[in-house]
Amino acid sequence: MSSDHPVRLEIATQRGIAAVRAQLPIAAVPVHFAEYLDQVYAAARRGAVRVDGQNIFVYRGGSGPERTTDVEFGVGVAAPFAPIGPVQYAPLPVGEVAGTTHWGDYAELGRAHAAVIEWCRAQGRELTGVRWEVYGHWSDDPAQRRTDVYHLLRR
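In this note's numbering, the protein residues as written are 4 to 158.
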């Protein structure tokens, strides 16, 4: 298990995001995420939805860089809302999760996911395939970039 990504168990509680859904390979996320988030922030600038500014990406299904997965590119919200074009309310998963905190360049996030997966295997915990990343505040210094990574566990 990666010592720079210690894994913890938590209970994910109810929280929602304003999100645009897409299907794409994991490897394409860094190239395309902005076009989806821009739609959410455009709706917020128009006053159609109130966001808290915390970016959250939810992945369902396929893992590995070339596998296609369903992704919700979102920003935290306080309450549900009616759809605004492609921007929809999406509740985050709830239940027991294995998580870790990644400090550093986003290109290295795969190491955080790998640490959680490895820990779950070692502990005999089964993953659902649903996982998400909660992004902290932007910094020009990659060492100051925080991303919390969560994987939903089967009961």
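Cβ atoms here follow ideal geometry from the backbone N, Cα and C, with glycine treated the same way.
Note that the structure is a prediction, hence the values are computed from the model and not measured.
Three-state class that DSSP yields for residue i in the structure shown
i: Asp7; result: coil
i: Val52; result: coil
i: Gln17; result: coil
i: Asp144; result: coil
i: Ala25; result: strand
i: Pro83; result: coil
Alpha-carbon spacing of residue i relative to residue j, whole angstroms
i: His116; j: Val152; result: 7 Å
i: Pro28; j: Tyr62; result: 11 Å
i: Ile20; j: Val97; result: 13 Å
i: Asp7; j: Ala46; result: 37 Å
i: Ile120; j: Gly113; result: 10 Å
i: Arg53; j: Ala81; result: 8 Å
i: Leu12; j: Pro83; result: 27 Å
Cβ distance (whole Å) where residue i is taken to contact residue j below 8 Å
i: Gly79; j: Asp55; result: 4 Å
i: Ala25; j: Val74; result: 5 Å
i: Leu156; j: Arg134; result: About 11 Å; that fails the 8 Å criterion.
N- and C-terminal bounds of the alpha helix (DSSP H) containing residue i
i: His159; result: Given that the chain is displayed from residue 4 to residue 158, the structure contains no residue 159 and the question cannot be resolved.
Span of the beta strand (DSSP E) around residue i
i: Glu75; result: Thr71 to Val80
i: Val100; result: Gly98 to Trp106
i: Gly132; result: Leu130 to Tyr138
i: Ala93; result: Gln91 to Pro94
i: Tyr153; result: Arg149 to Leu156
Of the residues the options, the one placed nearest residue i, counting alpha carbons only
i: Leu130; options: Ala101, Pro89, Val10 and Ile14; result: Ala101
i: Tyr168; options: Cys123, His105, Gly132 and Pro9; result: Since the first residue of the chain shown is 4 and the last is 158, residue 168 is not available in this structure.
i: Gln17; options: Asp143, Arg124 and Glu99; result: Glu99
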